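Reading through the structure tokens given below for one structure.
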Amino acid sequence: MTKVKAWKIASLSLASCLVATGVNAATWSDTFIGYRYGTQFKEPGNDKAIDNHILQLSHASGYAYGSNFFNLDYRQSDRNDPIHGSDAGAANMYLVYRHQLHYGKLFGEPLSFGPVRDVALTAGFDLSHKNSSFASRKRQLLLGPTLKFDVPRGFVDLSLLLSREWNHCGLDACGFEGNRNKITFDNYYQISLAWGLPFSAGALPMKFQGFFNYNGEKGKDYFGVETKPERLSRTSLMLDVGQLAWGSPNNLWAGVGYEHWRNKFGNHDKPGVDVDALTFNLEWHF
């Protein structure tokens, strides 16, 4: 099967997921507005620590045949990561959408084995835009199976996804043939682990949540350099402040987070490709 045919199938699968979502009512949903702040973020080629204020809109829901996940981050940097042609900090929008079709919901009985309670087909996309000199404009499609683990509360999902990625470079140093601003990376795989685990620490209602993505090599970058595998993890430990303060569970959460990133965007052997950033996190669920 050619790469073009493979990604036509992936696109059709995603389109069918979106249609299915539109014709089935949600059986459960959770939506929140979030805020994160940290002072130790990095960007490739930049050795300065960067402050980030991050506003977040997130939604998860289930319906008759599966589930949906949507997340939009608006990330505002300080002047150490400037807008193109300005000393002001750059802004970055990053959108993630994932849809799952659950085997058990489609066929009436889950495909369970060992610690796995069901299997799903995951399809989705990432979109981003940043107004820095580099002017990243990521476009990514993903498709693959997901193992859904049997846990007492919450969820743990492990996915193996085929990824196709397109991006953009606004620097003069990016010398692409034909059109120097755009690049299509080689197909690569992504191993993705996502979890949300509520628990109690004595009288304190809490949750531990996050994700870990491992991206394989994706060919040459904007400068003709071979990329290396990339690791990204974002985790947070949160306290249900709303339940403690006024008896309203899953309303207001506060806590701390940590971002761990290695070979950011596949870059290596340059400043700013490794990130270790602590964050202060808030979530308002409604």
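Residue numbers for the sequence shown, in mature numbering (1 follows the signal peptide of the UniProt record, and there is no 0): -25 to -1, 1 to 261.
All C-beta atoms, glycine included, are put in the ideal place defined by N, C-alpha and C.
Just so it is clear, the structure is predicted and the values come from calculations on it, not from any experiment.
Reference residue i, options the options, closest by Cα
i, options, result
"Pro127", "Gly171, Asp215, Phe88, Lys157", "Gly171"
"Glu258", "Val231, Gly60, Asn242, Val248", "Val231"
"Tyr78", "Tyr69, Val91, Asp48, Tyr72", "Val91"
"Gly37", "Thr2, Pro180, His260, Leu122", "Thr2"
"Asp249", "Glu140, Lys23, Arg11", "Lys23"
"Thr14", "Phe7, Arg54, Ile8", "Arg54"
"Leu96", "Asn190, Gly129, Tyr40, Ala110", "Tyr40"
"Glu201", "Gly9, Gly60, Asn238, Gly129", "Asn238"
"His235", "Phe187, Leu227, Gly222", "Phe187"
"Met181", "Gly191, Gly194, Trp228, Asp161", "Trp228"
"Tyr10", "Ala63, Lys17, Arg206, Gln31", "Gln31"
"Arg209", "Phe7, Phe16, Ala(-1), Ile8", "Phe16"
"Asp196", "Phe240, Asn190, Trp221", "Phe240"
"Phe160", "Ser175, Phe88, Gly191, Asp251", "Gly191"
"Tyr163", "Asn156, Tyr189, Ser175", "Tyr189"
"Ser175", "Ala252, Gly129, Ala63", "Gly129"
"Ala35", "Asp62, Tyr12, Ile25, Phe7", "Phe7"
"Ala110", "Val131, Phe124, Gly60", "Gly60"
"Ala220", "Ala63, Arg114, Asp101, Leu179", "Leu179"
"Pro204", "Ile158, Ile166, Asn156, Gly222", "Ile166"
"Gln115", "Ile25, Ile158, Asp62", "Ile158"
Under the three-state DSSP convention, the category residue i falls into
i, result
"Leu219", "helix"
"Phe255", "strand"
"Gly171", "strand"
"Asp244", "coil"
"His260", "strand"
"Lys195", "strand"
"Lys239", "helix"
"Asn162", "coil"
"Ala39", "coil"
"Leu179", "strand"
"Gly20", "coil"
"Asn55", "coil"
"Leu32", "strand"
"Asn156", "coil"
"Asn226", "coil"
"Thr202", "coil"
"Leu146", "coil"
"Thr2", "coil"
"Asp26", "strand"
"Asp249", "coil"
Contacting residues, own chain, Cβ-Cβ under 6 Å from residue i (five flanking each side not counted)
i, result
"residue 262", "Nothing about residue 262 can be reported from this structure: the residues present for the chain run from -25 to 261 only."
"Tyr69", "Asp48, Ser103"
"Leu117", "Gly99, Leu136, Ser138"
"Leu133", "Leu122, Leu168"
"Asn46", "Ser33, Val71"
"Arg50", "Asn27, Ile29, Asn67"
"Arg206", "Tyr189, Arg237"
"Ala252", "Gly13, Gln15, Phe16, Glu234"
"Ser223", "Gly217"
Proximal residues to residue i (C-beta, below 8 Å), its chain only, five neighbours per side dropped
i, result
"Ser211", "Phe183, Gln184, Gly185, Gly230, Val231, Gly232, Tyr233, Thr254, Asn256"
"Asn225", "Asp5, Asp215, Gly217, Gln218, His260"
"Pro120", "Val94, Ala95, Leu96, Thr97, Ser134, Leu135"
"Val131", "Lys123, Phe124, Leu168, Ala169, Trp170, Leu172"
Cβ shell of residue i (< 7 Å), same chain only, five flanking positions each side left out
i, result
"Ala65", "Ser52, Asp56, Pro57, Ile58, Lys105, Asn106, Ser107"
"Ala148", "Phe198"
"Gly20", "Lys245, Pro246, Gly247"
"Thr(-5)", "Low local confidence applies: a pLDDT of 49 at Thr(-5) is under 50, so the model's placement there is unreliable, and no value is given."
"Ser87", "Asp93"
"Lys193", "Glu140, Phe160, Asp161, Tyr163, Thr202, Gly241"
"Ala(-1)", "Tyr38"
"Ala63", "Arg54, Pro57"
Contact with chain D by residue i, beta-carbon distance below 8 Å
i, result
"Val126", "Among the chains of the structure shown, chain D does not appear; only one protein chain is present."
Any non-hydrogen atom of the ligand COA within 7 Å of residue i CB
i, result
"Arg11", "You won't find the ligand COA in this model; it holds no ligand whatsoever."
Practice task
Give, in chain order, every unbroken run of the beta strand (DSSP E) that is at least 3 residues long and sits entirely within the stretch 57 to 144.
Solution key: 66 to 77, 91 to 105, 114 to 124, 130 to 143
Exercise for the section: Kindly confirm or deny that the stretch 103 to 118 and the stretch 74 to 91 touch, where touching means at least three C-beta pairs closer than 8 Å. Expected result: no
Problem - Touch test, the stretch 234 to 253 against the stretch 213 to 223, Cβ-Cβ under 8 Å, three pairs minimum - result: no
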